[in-house]
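Right, one structure below, let's go through it.
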């Protein structure tokens, strides 16, 4: 079978999509075996035949207790598992099933799929990025690159529109908000900054609408609208449809109910919905402000605001951005598909995209306040977030105690100076000769390459000793190579439809 | 968990020069990419959040009687940066605290800054 070239996958919270670049250089979405361009990121664990259903069939039918939705929201949670039939499944494995479905279905149309680019939210932590790559491996894919979703969307936007200048991509998807500011100059794209917010997207709006419907039902029928997960899922689905209608209509009516307490007719208005989600929308505005502030830019410095993600269809989103920037945001075109389309383009032309570090990397160090002389342990940043990559940066420190024989450098991820608010993702230990006084110089160097691989080096000047390691999160939630091999073999055996 | 290691004395960088059309005003400091101000690190937020406090104002350390809207805005922006990032931490306890703080930050923002 022929092999598809330049394949990109948007592994989304609500839906996923696969695209490839056609011989004419334009990307296109490859439909799944059900004829759909977007595959719901839902997995149903069949009880009788052991089949794992992925997609619309999984979303629309079946026992909710055996159905997994929005697994992407848990990719960054090291302890999260789903338990079905006494078997625990990690978010990585569930995601691998979704990727397997895409791979198998789309291969029937475009040929064997091996090398792929997968998109992730800009603010995905180390674990979530690693888990995404591992999910690809479990599904039999070679993940050549991970790219941030707004970067992919921007690439697609630049490909389809003849624009240049400074662009802000506002990507409000099913589960996360990503803000990326970039400069487009012809075919070249320079990412200046990426910021993200977790658990801020369409599924959060759906939950709020669910609460509204439940409250209205309570008022009218003096009873609870749902008492089990199956009923809750049904109402959630009604709410999701209502949300979509409220993006087009000012008022709608929905009939909701259950078998025991009857039905109720509920009127919903766009105003009511937008007021209910206002606190989440305020969070989005604050992220926009943070992004601009980080680059010392004002709203006027942004030439184009590009909307990506299904939740940008909500009129209030557009209204808030228009108010903030004094200009109308532009839709990316197909807001649901442009991330996958951009990922396919990225697979082809990654060299034309200049990216930045997704996180700050540093170490813990005693830092003296120059004004007060007070010393305290802080997160000492070596590579700040949003530094253009590839890059290599160093900080030199001195040992703080006499007779230190082991220099231990804890590797931090996070931009906060307070150690409490950063993750420690690794440690380098360097043995040095005994009997030394405090004050020996030690240089810590971090390197960040185009593939978002980070290396750390510790160099002790007095002894000339050094140690160089790849920074890889190996904590809880990460599968070992043996696990990956074993689970990959298992995944090949199970039937995914 | 936190070991005292070193005292910071200087930083170096060989990150590639890259500038937005409007370069940052601040001169590059130690450990920064030349010619461009990276997005971090933020200024330290001194007051430790108290999520057990009842009001959003107390949680955010906001005193509307003593602080100007600009001061409130800056304070909330600093807290937002910290807790938005913490919401994606590997530490579950920290993630939960961050979500509570983000709700409090937004409540204060809507009450004192977005009311018009």
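Chains as they are written, first to last, in the working numbering: chain S, 1 to 497; chain X, 498 to 613. Every residue gets a Cβ at the ideal spot worked out from N, C-alpha and C, and that includes glycine. In this text, all values refer to a predicted model and were calculated from it rather than measured experimentally.
Exercise. Give, in chain order, every residue of the region 577–593 of chain X whose Cβ lies closer than 9 Å to some Cβ of chain S.
Key: 577, 578, 579, 580, 581, 582, 583, 584, 585, 586, 587, 588, 589, 591 and 592
Quiz prompt | Helix, strand or coil at residue 569 of chain X according to DSSP, with G and I counted as helix | solution = helix
Practice problem: Confirm, please, whether the CB-CB distance from residue 345 of chain S to residue 21 of chain S is below 8 Å. | Solution: yes
Quiz prompt | Partners in chain X for residue 197 of chain S, counting only beta-carbon separations shorter than 8 Å | solution = 581 and 584
Self-check item: Helix, strand or coil at residue 27 of chain S according to DSSP, with G and I counted as helix
Solution: strand
Practice problem: Give me the Cα-Cα distance between residue 61 of chain S and residue 256 of chain S, rounded to the nearest whole angstrom. | Solution: 18 Å
Exercise. Going by DSSP, name the residue or residues bridged to residue 215 of chain S.
Key: According to DSSP, residue 215 of chain S bridges with nothing at all.
Practice problem: Go ahead and label residue 19 of chain S buried or exposed: buried means 16 or more other beta carbons lie within 10 angstroms of its beta carbon, across all protein chains shown. | Solution: buried
Quiz item: What first and last residue would you give for the alpha helix (DSSP H) that runs through residue 80 of chain S?
Solution: From DSSP, residue 80 of chain S is part of no alpha helix (DSSP H); its letter is neither H nor E.
Quiz item: So, do the region 157–167 of chain S and the region 228–243 of chain S have three or more beta carbon pairs nearer to each other than 8 Å?
Solution: Segments in contact, no.
Self-check item: Amino acids of chain X, ordered along the chain, whose beta-carbon sits closer than 8 Å to that of residue 79 of chain S
Solution: 589
Quiz item: Apart from the five residues on each side of it in sequence, which residues of its chain come closer than 7 Å, Cβ to Cβ, to residue 81 of chain S?
Solution: For residue 81 of chain S, the CB contacts under 7 Å within the same chain, skipping 5 residues up- and downstream, are 88, 89 and 90 in chain order.
Quiz item: Hey, out of S:140, S:180 and S:99, whose CA is closest to residue 149 of chain S's CA?
Solution: S:180
Quiz item: Of the residues that make up the region 597–608 of chain X, which ones have a beta carbon closer than 8 Å to any beta carbon in chain S?
Solution: Going along the region 597–608 of chain X in chain order, one finds 599, 600, 602, 603, 604, 606 and 607 with a Cβ nearer than 8 Å to chain S.
Quiz item: Do residue 225 of chain S and residue 236 of chain S have their CB atoms nearer than 8 Å?
Solution: Not in contact: residue 225 of chain S and residue 236 of chain S (Cβ atoms no closer than 8 Å).
Practice problem: Would you mind working out which of S:454, S:350 and S:16 sits nearest residue 56 of chain S, comparing C-alpha positions? | Solution: Sorting S:454, S:350 and S:16 by C-alpha distance to the C-alpha of residue 56 of chain S places S:16 at the top.
Exercise. For residue 311 of chain S, I'd like the list of residues in its chain whose CB is within less than 8 Å of its CB, leaving aside the five on either flank, ordered along the chain.
Key: 172, 173, 174, 201, 202, 205 and 317
Practice problem: With DSSP as the reference, please indicate the residues paired to residue 184 of chain S in a beta bridge. | Solution: Residue 184 of chain S pairs with S:165 and S:189.
Self-check item: Proximity to residue 451 of chain S [Cα-Cα], best of S:332, S:470 and S:444
Solution: S:470
Exercise. Could you tell me which of S:198, S:252, S:444 and S:266 sits nearest to residue 395 of chain S, measuring between CA atoms?
Key: S:444
Exercise. Identify the contact partners of residue 574 of chain X in chain S, using a Cβ-Cβ distance below 8 Å as the criterion.
Key: 286, 289, 290 and 293
Self-check item: Short CB-CB distance (under 8 Å) between residue 125 of chain S and chain X
Solution: yes
Quiz item: Would you say residue 381 of chain S and residue 362 of chain S are within 8 Å of each other, going by their C-beta atoms?
Solution: Closer than 8 Å, so yes.
Quiz item: Mind pulling the chain S residues with CB within less than 9 Å of residue 611 of chain X?
Solution: 278, 282 and 285
Quiz item: Taking DSSP as the reference, what is the three-state secondary structure of residue 521 of chain X?
Solution: Low confidence applies here, because residue 521 of chain X scores a pLDDT of 30, under 50, leaving its location unreliable and the question unanswered by this model.
Quiz item: Quick one, which of S:5, S:219 and S:139 has its alpha-carbon nearest residue 265 of chain S's?
Solution: S:219
Practice problem: Have a look at S:426, S:197, S:183 and S:11 and flag the residue whose alpha-carbon is nearest the alpha-carbon of residue 592 of chain X. | Solution: S:197
Practice problem: Rounded to whole angstroms, what's the CA-CA distance from residue 210 of chain S to residue 246 of chain S? Just pull it up for me. | Solution: 14 Å
Quiz item: Counting pairs of beta carbons, one from the region 24–33 of chain S and one from the region 102–110 of chain S, are three or more of them closer than 8 Å?
Solution: yes
Exercise. Decide yes or no for the touch test of the region 112–129 of chain S against the region 333–348 of chain S: beta carbon pairs closer than 8 Å, at least 3 of them.
Key: yes
Self-check item: CA-to-CA distance, residue 152 of chain S to residue 186 of chain S, given in whole angstroms
Solution: 16 Å
Quiz item: Applying a beta-carbon distance threshold of less than 7 Å, which residues of chain X neighbour residue 414 of chain S?
Solution: 582
Self-check item: Contact with chain B by residue 423 of chain S, beta-carbon distance below 8 Å
Solution: Structure shown: chain B not included; protein chains present are S and X.
Exercise. Find out if the Cβ-Cβ distance for the pair residue 356 of chain S, residue 386 of chain S is shorter than 8 Å.
Key: yes
Quiz item: Can you find a C-beta in chain X that's less than 8 Å from the C-beta of residue 468 of chain S?
Solution: Residue 468 of chain S does not count as touching chain X.
Quiz item: Would you call the CB atoms of residue 604 of chain X and residue 580 of chain X closer than 8 Å?
Solution: no
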